[in-house]
Structures are given as structure tokens and as C-alpha cells.
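Below is one structure, written out as C-alpha cells, with a few remarks after it.
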Amino acid sequence: MRKMLLLVATLLLLSWQLYAQSRTVTGRVTDEKGIPIPNASVIIKGTASGTSTDADGNFSIAVAANAKTLVITAVNFASQDINITGKNSVKISMVVEDKNLTEVVVVGYQSFKKTEVTGSVATVSGKEVSQKPIGSFTQLLQGRATGVQVTGQSGRPGANGYIRVRGTGSINASNEPLILLDGVPISSTAYSLLNPNDIEDLNVLKDASSQAIYGARGSNGVILVTTKKGRGKPELRYSFQYGIMKAQDLNNIDFMSAAQKLQYEYEAGRVNPMLDSMIKNRVTSGALPAGSTLFNISDTQRGDLWGILTNAAPDWRKTLLPNGRTVSHEVALTGTSDKIRYFFSLNKSDNDGVSYGSYWNRTGGRLNIEYNALSWFRLGTNLGVSYTKENNVRSLYNSQSANTALYLINPYEPVFLANGKFNPTHTLYSPLEGTVMNPSLLNRISTFSTLFGEANLLKNLTLKTQLGINYNTLQQENYLMPGSNLAGILGYNQKLDAGNRDFTYVFTNTANWKQTIADVHSLNVLVGQEFTKNAFYSYSFSGRGMPTGSVNTIDNAGSPGTVTSFKSDWSLLSYFGNLIYDYDKKYFATFTARRDGSSRFGANKRYANFWAIGLTWDITKESFFKSNIVSELKLRGSYGTAGTVPTGLYDNLGTYALTAKYSDAPAATPARLSNADLTWESSKSSDIGLDFGFLKSRITGSVDVYKRITDNLLYPKNVSLTTGFSGYTSNVGSLENKGIEISLNGTPYKSKDVTINLFFSYTYNQPKFKSLYADNQDQTLSRFVVGEAPFTYYLNRWAGVNPSNGKNLFLTKNGDLTEKYSSDDAVLLKGKSPQVKFFGSFGGSVSYKGFDLNALFYYSGGNYIMNYVYATGASDGEGVMDQQFTDALNYWKKPGDIVQFTNVKDPANHITYDTDKYLERGDYVNLRDIVLAYNIPSEWAAKAKLKGVRVFAQGTNLLMITKFKGIPEVGEANGESTLVTPGLYNLFAQPPMKAFTFGV
């Protein structure tokens, strides 16, 4: 004990002596013109201790007596090491950095300067996120990362878009990229749970060289999400946003007014129930003679009846899709000390959707801490927690959906009945009443956490171990309340409780050795092992005959319903390594290998090996290269392999279902055929890229040409129905994606007060089958065909309306005109598929003193969409008693009419089947974001004891240019069409939101 006390006393004495030997260094940081640089970071080299400059560029920092170097960093300036030996005061002049040369990107399990990367990587920086208020993770990616396509962004609060990196690589397995949040994989359902303001940067790995270290998980691209870390002296930040949202307007179509719809029904020879009742009441009162109908009364009498309905007609669009609202608050504390760097944030976001009664609220927090425990050892944790509450109002293809009802409820039907209750309308259901009486409530809790330790045991050797955990829980309550309209139609009320638990952990161990030889040869060797485990559990139970709306626990049900539960688990064991060599920062080579073992395959196919090679040549470093114009010229190339696992967990196994009974005892029946030879989808990818910069990188850009071929495609293979099965999962063919990516960034003008930046990106991708097994023609709307893109449409061809008799015309298989429809005349529409062929973005920013204006346009095209929304509202007479578009008024009335629609009086002419009449190109250009912001002068903010204040106004989805009738960006409700091909057809998903947001 005495020895311990002596040791503690000695350490305290030494620390006091060191403190007593400290000194203070002051300084001023300016740019090349002598203008002060506020908020520059000043760090004592080799420590985490530091400070930042004030509004005048001044700083003061306490350093040890033997401290030799300060590291000065500032946004848009090159970092500098300043020698302070024997100095108590310094002046620093910062030089504007070439961001394209010094940008740091995360690839694999390491970070590199962009010039050292041999692969194709797209980066979205944290600065871009902070200066352009963004509400969701997928919104952060769209138009900001070349080669990354985001589709299906419905306006439902909390809805996720679909992300594709360089096209569709599979027809049945997942096409989602691997998304790692601080090294932990997250699913697409968790996108909305992330707070965009917690994100430091995003790096999208697109080619084999950058993806290969992730093996099978990285075959569809990898998105590395890095959250914020503490920097500089402690800072407390607060942000607030308030937004008003409305449903995006339909393009190129209008709903009929009440007067138009009544006239249309009359011309079609139809009478709606409201008019029929009004006429009967007038006959009863004697106002109309007996036997009166809508078609034998006078025009004046008919007009009087119509006037009653049109004068009372409500605005159903405003009623069903009212304006929404978003309010968010966020507070963050960030900073460093000599041993600890920390980032702590809390956020709350409340969102009322534009569909009546919908809402989505998120409360979350994050704590990131790194602790330098010893000079050679550090540890840390990144912990994120999110809690969401949602009323997931119905969005299915029926009148229970508010958005669907908009296309069905007639414009003259009232919202409320005379007794004040919701009007069920002619659809027999009120979505407004359903929102109140049939709620669907979802609560989610998610955690994203990592715990790591890193040791520098030797000068060039770093060992790191990390445990990552992603845990998600969902609780859902669907209630069909007693007394509700739908309960009356069905004859019962019902309550459903359901939920699930999804737990994933990843245990990663790496060793990284770096060595420089003779100042020109650099080696970077990384080897590692990783184990991933997932466990999933779900349950549901229901009951009918609930006594009241407030007494709604299942044990109070009059009769029990079904009870189900499900369990699954899977695991992935991996070994990996890569070797990076560079010669004099001029030539770079990367060699990567990974071996994955998946529980989703049989023992004979469980393991697979993947590899890649990447090469880079920095031409500007060559002695022969002399140019005052070209500042960067880097040639890249890569080739490698990857794989994909089935989405099903047990597709290789023959399974049995214990759902049958035999003599009142449980019995097992075969449920699925086995396929012990089921193996990995395997892909081969090649990429050639050129990065360039001109005029000291005032103009920068890149061009990539790529090709990916996926073999052993996973897909159900048909078998004879006499076996008792329809098919089994097998490896059936080969799919190729090839394309080009172009990105350009420039600063055409820059002065002391004004800066103009412009950008442009373009991606072209063309998928097509290279081979397929023969029996694959079981799709009804589309086909898989060698030489064509997946889901190429297979339809009858509509040829217009016969002017002589008003009947529909079609083309036979041989191209002859006919009035007879036959499904045998359907043909493959070559070149017409839902696959987007090109997409990209353009825009820029202008800054003047403290003001800046940013605009982002996004465009997409080359795809075709089966427009079921337009087919419903311009239905050729089939939907005459539902709401219709004004285009439907252009129907055949007399011989010689050149029109779009047939005679609505003849039901035999109505198209009730799929033809290419409603197949449209999905091209569009959208003003995705425009932001006007003002940075209050630092001297003004300082008077309020603030470091800085930024206020902004933002518009989202303010303008769309398209020939598509409707909104081409939204596909089928509840899942688009398939996970493979969003946009195969569109139904009635909630439209994207047009929003105006203000904040500070």
C-alpha cells in the first residue's frame, strides 16, 4: 500500500512539474490576402489538444515547454505544420487547397487520399449536408453521387427510396447496396431512422477494386456512412427547421370538375345514385311527374339538379391530401481534450404527412467518443439510438387509401352525410373515417453501435478489433374498430398485434502494416477476419369481436383469431486482405482477396473466393508532363469478382410445412424442393476511369466506363406441376450491365465577395441478358429474353380508335389491323423496359458575401412505365361512374371523329386488359432542391456570444418537366413493383411532397 501511495504521489508531482513547464503560444491565421480565417483548427501535433481561431483569426493555446509543432487546418485550405520551437507568437498564412487532390475517402477498412485510390468512389461530404438541409438519407444521395440511382420516393413520411448502384445485377436476389454505418450493416428499412445531420460523409464504392474487400456483401455497391467526430474546442450547436408540405401536382392531366363529370355520365347513359334519389324524391313531392328519369326531363330541370350537386361540391384533393407539416429540433455538443474527442447529439423530428391522418415522428440521439488511453492505445464507441412513431395510413390499391380514393370518389359527392358522419360515397368506404376508426400504428426502436479498440504495438503496425451491433424492434397495431364503416361491410371488427426483433452483430479484427522504403516505395498491407450473425423473430396474433374502441387488447376479443410466429438466423464468416503499393505517389496498385462462407448454401457450396486488382497512374507526376492548364490527370483501371447470396435463408433445402392434419394430429407436407447444388451468383466487373483537373483544379471531373456480368443468376425454375411443386430456386442465366459515368465540377468565377460553382453528372446504364434457361415465360406483363433488359414489356399493341365506328383497333402479331383483341397477339416490345437508362443531376451555387444560393436539378429517363393511374382516370368508359380525367372527354361520338377513346355508350369497346395504350416513357427533370441561406456576420454573432448563425429557406420538388401523365417518379404502393425493378407499373402510392422549409 505504501508503494502504491508513493507511486501516485510521484505521478502527481511529475504532472505538476509538466504543467508548471507549459507555455502559451498565440497567433493569427489569415489567407494569402491577409483576410482572417475564423474557426480554423489549431492542434498540438501528436495530441488531441487544441483550440480554434476567433472571428479575427486569433488564437491562444497552452502547450508543453517541449512542444515543437502546431497543426493548422481550415475548410478549403491546405493543412500546415507550424514549428513553434522557441516561439511564443506565430503568424500563419493559409493556402487554398486543391480539394480534388487532398480529399480523404474511406475505402474498405481504411482511409486514403483520393489521389491514392485505384477504384471508382463517389463522395458526399459532410459540408454539403450541413449547408443543404436534407430530410432523409435517400434524399442525401439522389443527384449527389454519380452512378447512384434513387427511385420510388413516395411522399409518405418516413418512406424510403430504392437505391441502385450501377444498375440491376440480379433478377431475384437483392439489388440493394451494402450500407455500413460506422462499419455496421443496416437494412434498407432503416434508412429513415438515420439523422442526416449526424453524418460526416458518405463514400460510395462502385467498382471491383473498392468493393472486393467486402466480398459477396459488396456485389451491388457499398455505401460507407461515417458519423461525426469531435473537433477543436467544445462547441454547442442548435438547429431548427419548420416546413410546410403539399402533395406534388399531377403532370399533364386534370380531374373532371363536378359539372364535367355529371355531363360525362349523362352522355354515357348512366345515372349516379345521388341523382336517382333526388329525382325519386321530387317525383314523390310532385315537383316532377311520375315516370321521370334523368333522360326524359327538360334541360332546365336537369340543370337544376346538377346545380345542386355542383354548388355543394367539395375540394376532395385538399380534403384527402391536406397540407403537411414538419418541425425538427437538434442540439449537438462536440469537442476534444488532450485524451478525449466527443460528439453528442439529440434530435426530434415531427412530420404530419399530406395523406389525411398520417404522421411519422422520430426522436434520436448519438454519442461518439474516442479515448486515447495510452500513447499506443485508443478505444471508442459510436452509439446511435432512434425511436419512431407512425400512423401508417392505408396505401393499398383500394378505396381505403386516401390517395386511391382521390381517383375514385366523384367530385360532386359530399365529404359528410346530413347526420355529420363521414360519407362512404359510392365506393362504400370513407378513407377519412378509416384513418380515425381503422388506425395502423407502428413503433420502432433501433440502435446502431460500435465498440472498438486500436493498438499501435509497433511503429508501423496497427491492430484493431471492433464489435458492431444493429438491433431493431417493431411493434404494430392494426385496429378495425367496432362501429366503423369497414367493420359494418365485413360484418366483424378486428384487432391485430404484431411485431419483430431483428438483431445483427459484426465482429471484425484487422492488422494493418505500413512501410515506406527509400522514400519512394510505400507498402500498405491489411489482413482481417470478420464474423456476421443475424437473428430474426416475428409474431402476430389477432382477435375479432372487440367490445369497444378503447378496450382493444386481444384477450378481450369475442373470438380468438390466428396466432403466428417465425424465427430465422443466418451467418457469414469471412477472411480478407489487401496489399496496396505505390511508387513515389505516381503509380498505385491494389490487390484484394476475400473468402466468404454463408449459411444460406449447402456444405458443398458454402464457401466462395473473390478478388480484385486496381491500378492507378498519376500522369501529372511524370517528368515529361509539363502543363500550366492541366493540374490533375489520373488514369484508373480495375477488374475483379464478387458474389451474391439468395434472399431466402433456406433455398437450398427441401422443407416441410406442419400445417396439415391427419387423424386430428399434426402432419407434415412437403413445401419446397431441395437444390443441394445451389451456388452463389458470381459477377465479374471491369472499370476504366480518368480523373482530371484544369486551371489549378478550378475545373475537375471524372469519366468511368464499366461493365459487370453476373453469372448463375438466382431465380425460381419451373418444374412439372405433377410433382406437386411449381419450382425451386436455381442458377439460371447471365445478366450484363455496362455503362458510362461522367461528372464535372467547376468554379467559373471567384473573387473576394463572389463565388460561382457549377456541377453536372450523367450516368448511362444498359442491362441485358446474356443467357437464360428456356422455360422462363411466366410473367404476364413482361418477359425475360436474351439480348433484352429484365422485365421487357410483353403486350398487345393498341392502334387507336376506328373513326368509322368508334371501336378500338389493335395490331395482330403480324402487324395487321384488327378490332378483335386476342392475348395471342401480344409481342415483345424490344427496347421498352422499366429499367432507367440514364440519370444524373446539374446545378450550382452562387455566394455573395454572407449569402449563398444553391440549386439541384435531377433528371432520369429511358424507362417505360405501365401507367395504371392514367388508365383508371381515362378508362375508355370502363370507369365512367368513378372520377375521371378530362382527357376522357375526348371520346368517339360520330363517324369521322379522330379521338383517343372509344364510344363510352358501348361497354363492348372498353379496354379491360393490358395493352401498350397506357405504356409511357418515364423521362423527367425535377428541381429537387433550391436553398437560399445567409450567414450572419461573425462579429454580429459574437455580440450574442455565438460563434456563427446561418438562416435558410428551402424549396423541394418545386418544378417537374415531363411528358408523362402523372408523376413518373412513384411506382406501385407498398413496394413499387418488386425489389428488383421499381417502376414496372405505377398505382396509387402517395405522391412526393412539394415542401417549403425554413430554419436556422
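Letter by letter, the sequence shown follows residues -17 to 982 of the numbering used here. Even glycine gets a Cβ: it sits at the ideal position worked out from N, Cα and C. None of these values were measured; they are calculated from a predicted model.
If you look at Phe119, you'll find it in the alpha helix (DSSP H) that goes Phe119 to Leu123. Counting only runs that start and end inside the stretch 346 to 430, the alpha helix (DSSP H) elements of at least 4 residues fall at 384 to 387 and 413 to 419. Under DSSP, Phe326 shares a beta bridge with Leu315 and Leu349.
For Asn293, the enclosing alpha helix (DSSP H) begins and ends at Asp281 to Asn293. Fully enclosed beta strand (DSSP E) runs of no fewer than 3 residues are not present anywhere in the stretch 847 to 876.
Residue state for Ala781 is assigned as strand, using DSSP reduced to three classes. Judged by their CB atoms, Gly671 and Asp686 are nearer to each other than the 7 Å cut-off. Only exposed fits Val933, as fewer than 16 other CB atoms lie within 10 angstroms of its CB.
Contact between the stretch 533 to 553 and the stretch 494 to 506 is absent: fewer than three C-beta pairs spanning the two stretches fall below 8 Å.
When DSSP states are grouped into helix, strand and coil, Arg138 belongs to the coil group.
Burial of Tyr873 is indicated by the presence of at least 16 other C-beta atoms within 10 angstroms of its C-beta. Judged by pairs of C-beta atoms under 8 Å, the stretch 317 to 333 does not touch the stretch 240 to 260, as fewer than three such pairs exist. Cα atoms of Leu276 and Lys812: separation of roughly 49 Å, rounded to the nearest angstrom.
Under a 10 Å Cβ-count criterion, Leu218 is classified as exposed, with fewer than 16 other Cβ atoms of the shown protein chains found around its own Cβ. In the three-state DSSP reduction, Glu249 falls in the helix class (H, G or I). Ala971: not part of any alpha helix (DSSP H); DSSP gives it neither H nor E.
Residue range Leu443 to Leu462 is occupied by the beta strand (DSSP E) that includes Thr444. Exposed is the label assigned to Val57, since fewer than 16 other Cβ atoms lie within 10 Å of its Cβ. The Cβ atoms of Ser34 and Gly101 do not sit closer than 7 Å to each other.
If you draw a straight line from the Cα of Asn185 to the Cα of Val132, it comes to about 16 Å. Residue Asp189 holds the alpha-carbon nearest to the alpha-carbon of Trp593 among Asp189, Pro919, Lys603 and Pro255. Proximity to Glu614 across Lys96, Ala37, Phe833 and Pro159 peaks at Lys96, based on C-alpha coordinates. Leu361 has its alpha-carbon roughly 4 Å from the corresponding atom of Gly435.
Taking all protein chains shown into account, Arg126 has 16 or more neighbouring C-beta atoms within 10 Å of its C-beta and is therefore buried.
DSSP places Thr301 in the uninterrupted alpha helix (DSSP H) bounded by Trp298 to Leu302. For secondary structure counted as the beta strand (DSSP E) over 3 or more consecutive residues, the stretch 726 to 770 holds these complete runs in sequence order: 736 to 754. Taking all protein chains shown into account, Val166 has 16 or more neighbouring C-beta atoms within 10 Å of its C-beta and is therefore buried. Judged by DSSP in its simplified three-state form, Ile918 adopts strand. Excluding five sequence positions before and after Ile691, the CB atoms of its chain that fall closer than 6 Å to its own CB belong to Lys666 and Glu718, given in chain order.
Here the alpha carbon of Tyr638 sits roughly 20 Å from the alpha carbon of Phe518. DSSP places Lys689 inside the beta strand (DSSP E), whose first and last residues are Ile681 to Asp693.
Secondary structure note for Ile261: its alpha helix (DSSP H) is the uninterrupted segment Pro255 to Ser267. Only buried fits Ile893, as 16 or more other CB atoms lie within 10 angstroms of its CB. Taken atom to atom, the span from the alpha-carbon of Lys567 to that of Ala575 is near 23 Å. At a cut-off of 4 residues, the continuous stretches assigned as alpha helix (DSSP H) that sit fully inside the stretch 164 to 211 are 190 to 193. Using a Cβ distance threshold of 7 Å, Gly481 and Thr492 do not count as a contacting pair.
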